[in-house]
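As structure tokens, the structure follows; a few thoughts come after it.
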Amino acid sequence: MKKTLIELKNIHKSFGKIGILGGIDFTAASGTTTAITGKSGEGKTTLLSIMGLLQKPTSGGILIGEKNVADTGIAELSKIRAARFGYLFQTSRLVGSLTVLENTLVCAALAGKSNMRKKAVTILTSLGMSKHLDYKPEQLSIGQMRRVALARALVMETDILLADEPTNDLDPALSQIVTSSLFKAGENGTAVVIVTHDRSLAAKTDCEYKLTDGILHHVR
Amino acid sequence: MNIDTARQLAKDSDWFSSIWAKAGQPDNLISVILVRLEEGADINYINEYLAKTGSIKPIIAVDVKKSIQSQLHLLIQIIGTLCFTIIGTIILQVFASFYLSMRHRRSEYGIYLALGASRCKIYTLIIGEAMSISVVGGFIGLLAGMLLYRGSCSFLSALRSYPLISLSGSELFICAVIIFAVGVFITTVASVLPAWQAARLDPSSVMTKGECD
Numbered sequence: 001m002k003k004t005l006i007e008l009k010n011i012h013k014s015f016g017k018i019g020i021l022g023g024i025d026f027t028a029a030s031g032t033t034t035a036i037t038g039k040s041g042e043g044k045t046t047l048l049s050i051m052g053l054l055q056k057p058t059s060g061g062i063l064i065g066e067k068n069v070a071d072t073g074i075a076e077l078s079k080i081r082a083a084r085f086g087y088l089f090q091t092s093r094l095v096g097s098l099t100v101l102e103n104t105l106v107c108a109a110l111a112g113k114s115n116m117r118k119k120a121v122t123i124l125t126s127l128g129m130s131k132h133l134d135y136k137p138e139q140l141s142i143g144q145m146r147r148v149a150l151a152r153a154l155v156m157e158t159d160i161l162l163a164d165e166p167t168n169d170l171d172p173a174l175s176q177i178v179t180s181s182l183f184k185a186g187e188n189g190t191a192v193v194i195v196t197h198d199r200s201l202a203a204k205t206d207c208e209y210k211l212t213d214g215i216l217h218h219v220r
Numbered sequence: 001m002n003i004d005t006a007r008q009l010a011k012d013s014d015w016f017s018s019i020w021a022k023a024g025q026p027d028n029l030i031s032v033i034l035v036r037l038e039e040g041a042d043i044n045y046i047n048e049y050l051a052k053t054g055s056i057k058p059i060i061a062v063d064v065k066k067s068i069q070s071q072l073h074l075l076i077q078i079i080g081t082l083c084f085t086i087i088g089t090i091i092l093q094v095f096a097s098f099y100l101s102m103r104h105r106r107s108e109y110g111i112y113l114a115l116g117a118s119r120c121k122i123y124t125l126i127i128g129e130a131m132s133i134s135v136v137g138g139f140i141g142l143l144a145g146m147l148l149y150r151g152s153c154s155f156l157s158a159l160r161s162y163p164l165i166s167l168s169g170s171e172l173f174i175c176a177v178i179i180f181a182v183g184v185f186i187t188t189v190a191s192v193l194p195a196w197q198a199a200r201l202d203p204s205s206v207m208t209k210g211e212c213d
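Below is the structure:
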């Protein structure tokens with residue numbers, strides 16, 4: 001039986017008087033891939049950042065495992081993020097002063113794991129980055145940076161992996177690499193949540209939702 | 001001008017011939033008289049008396065000494081003010097450079113926060129980095145400063161016409177330790193505000209920025 005890893009209960013989010021999310025209920029279980037689609041400006045990225053504990057909802061509950069973390073302190077949230085979440089942001093968000101390998105190992109370093117180098121090299125090699133381990137991000141193309149960001153998200157094998165527009169601006173070949181890596185993570189037990197405009201990617205997921213007017217509609 | 005030359009010139013001058021006719025030849029003409037006073041003598045009375053003669057300009061050694069001392073005090077005050085201004089400027093510069101560095105690397109800290117770094121970790125990272133820079137920089141700076149000081153001292157000692165006071169090895173070491181400690185302290189203090197601000201960045205900002213930072 002698949003275990004529920006993250007659950008959102010009646011999440012509301014507003015910025016001042018502007019309501020963005022108006023009562024979102026959502027669950028993601030281990031080993032599943034979920035797509036969230038919707039028009040630009042509907043609040044998909046906001047929803048993903050609330051799901052990823054990067055910002056707090058105006059109201060509502062967030063259950064990670066059994067624990068409601070909606071009112072948890074910042075320090076505890078940081079620990080949960082480091083231990084349980086992998087992120088693939090809309091843009092690569094690499095640290096410019098670090099090499100490819102160091103960027104890949106950032107999450108491991110923050111979680112206090114020092115023996116992840118071999119694994120990071122393996123993942124980077126599988127993504128075709130073995131010759132660029134000592135490169136700085138400024139020496140890489142956008143496609144290569146996205147692969148490093150993907151490696152960083154995958155290296156810790158976290159419970160939950162959140163990907164924001166992972167195939168945006170990528171050529172078909174690279175898009176295929178990113179997609180297959182995300183689905184492989186799902187097969188390995190990670191709950192993968194993907195925010196995307198890419199219809200073909202959304203169609204491959206186990207479950208699809210559409211965000212419209214601040215409400216999440218179950219598509220399939 | 002040599003006093004003998006002055007006497008000869010005065011003797012040969014038509015301007016003073018009437019004076020020499022009255023008072024005798026200026027073979028023993030003098031330029032300066034040192035008046036040594038006994039303890040308790042009224043210096044002001046003697047000064048006024050000498051001034052009344054019209055041909056003598058009294059110079060009081062105590063006043064000269066006081067004047068030199070007050071000028072030295074003024075000089076020391078100017079140098080002291082300059083030193084404090086320079087130290088203040090250095091502190092501001094160190095502060096500004098660390099603050100700007102933090103602003104420049106704001107997004108980097110945002111990424112760390114988003115990926116699970118605690119505020120404490122960010123704080124430690126920035127303060128630790130500042131301390132490392134100040135320790136290494138301070139060590140190199142002091143070493144270079146000491147070499148320059150020693151070099152200057154040996155260069156000046158060859159040219160000096162006055163006694164040169166140079167610090168002994170132990171005094172130099174104590175100075176170096178104090179400067180080092182003050183430097184590390186200033187750098188650490190200068191990085192506290194940037195660290196505090198960086199640790200309070202909104203991690204969700206990472207969702208909406210560029211490719212790398």
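Heads up: the sequence lines are chains Y and E, in that order. Following my numbering, the numbering of the first sequence begins with 1 at its first residue and continues without gaps. Following my numbering, the numbering of the second sequence begins with 1 at its first residue and continues without gaps. Using N, Cα and C, we set each Cβ at its ideal position, and we do this for glycine too. Everything numeric in this text was worked out from a predicted model, so none of it was measured.
Item	Value
Length of the line joining the Cα atoms of R220/Y and Q144/Y	33 Å
Segments assigned beta strand (DSSP E), at least 3 residues, entirely inside the stretch 48-122 of chain Y	59-64 and 85-88
For L142/E and I179/E, believed in contact at Cβ under 8 Å, the rounded distance	6 Å
Interface flag, E211/E vs chain Y, CB-CB below 8 Å	A caution first: E211/E carries a pLDDT of 49, below 50, which makes its placement in the model unreliable, though a value can still be read off. By this cut-off, E211/E is an interface position.
Helix, strand or coil at S168/E according to DSSP, with G and I counted as helix	coil
DSSP beta-bridge partners of V195/Y	I36/Y and D164/Y
Continuous alpha helix (DSSP H) stretch holding T85/E: start and end	A61 to H104
Any chain E beta carbon closer than 8 Å to Y87/Y	yes
8 Å Cβ cutoff, R93/Y in contact with chain E	yes
Any chain Y beta carbon closer than 8 Å to A223/E	The structure shown has nothing for residue 223/E, since chain E only spans 1 to 213.
Alpha-carbon to alpha-carbon, Y99/E and G137/E	18 Å
Other residues of its chain near A185/Y: CB distance less than 7 Å, five sequence neighbours each side excluded	L154, L161 and V192
is_contact[S204/E, chain Y] using C-beta, thresh 8 Å	yes
8 Å contact criterion, which I221/Y and T33/Y should meet: CB distance rounded	Outside the shown range of chain Y, which is 1 to 220, sits residue 221/Y, and nothing can be said about it.
Beta-carbon gap between L88/Y and I6/Y smaller than 8 Å	no
Alpha carbon of T37/Y to alpha carbon of S180/Y, nearest angstrom	19 Å
Residue burial classification, R103/E (beta-carbon count within 10 angstroms, cutoff 16)	exposed
Beta-carbon contacts of D213/E that lie in its chain and below 6 Å, excluding the five residues immediately before and after	Here D213/E scores only 48 on pLDDT, less than 50, and its place in the model should not be relied on; the value that follows carries that caveat. Only S107 and E108 meet the Cβ criterion.
L110/Y beta carbon less than 8 Å from that of A293/Y	Residue 293/Y is absent from the model: chain Y starts at 1 and stops at 220.
Members of the stretch 96-109 of chain Y that neighbour chain E once the beta carbon cut-off is set at 8 Å	G96, S97, V106 and C107
Nonlocal neighbours in the same chain, by C-beta distance under 7 Å from Q71/E, ignoring five residues either side	none
From G41/Y, T196/Y, Q90/Y and K56/Y, residue whose alpha carbon lies closest to that of S78/Y	K56/Y
Near-chain E residues of the stretch 111-140 of chain Y - C-beta to any C-beta below 8 Å	A111, P137 and E138
Ordered list of beta strand (DSSP E) runs contained in the stretch 136-162 of chain E, each at least 3 residues	none
Cβ contact (3+ pairs, closer than 8 Å) linking the stretch 94-107 of chain Y and the stretch 120-133 of chain E	no
Residue-chain proximity (A82/Y, chain E), Cβ-Cβ < 8 Å	yes
Residue range of the alpha helix (DSSP H) that includes L182/Y	P172 to E187
E165/Y vs H217/Y beta-carbon contact at 8 Å	no
N- and C-terminal bounds of the alpha helix (DSSP H) containing L150/Y	I142 to L154
Closer than 7 Å at the beta carbon, the chain E residues around I74/Y	R119
Buried versus exposed, by CB contacts within 10 Å (16 or more), G190/Y	Per the sequence shown, residue 190/Y should be read as Thr rather than Gly. Per the 10 Å Cβ criterion, buried.
C-alpha distance - G73/Y paired with L53/Y, whole-angstrom precision	11 Å
Rounded distance between the beta-carbons of I56/E and L50/E, thought under 8 Å	5 Å
One or two residues paired with G22/Y in a DSSP bridge	H12/Y
Exposed unless 16 or more other CB atoms sit within 10 angstroms - verdict on C107/Y	buried
Pair within 8 Å by beta-carbon distance, T46/Y and L8/Y	no
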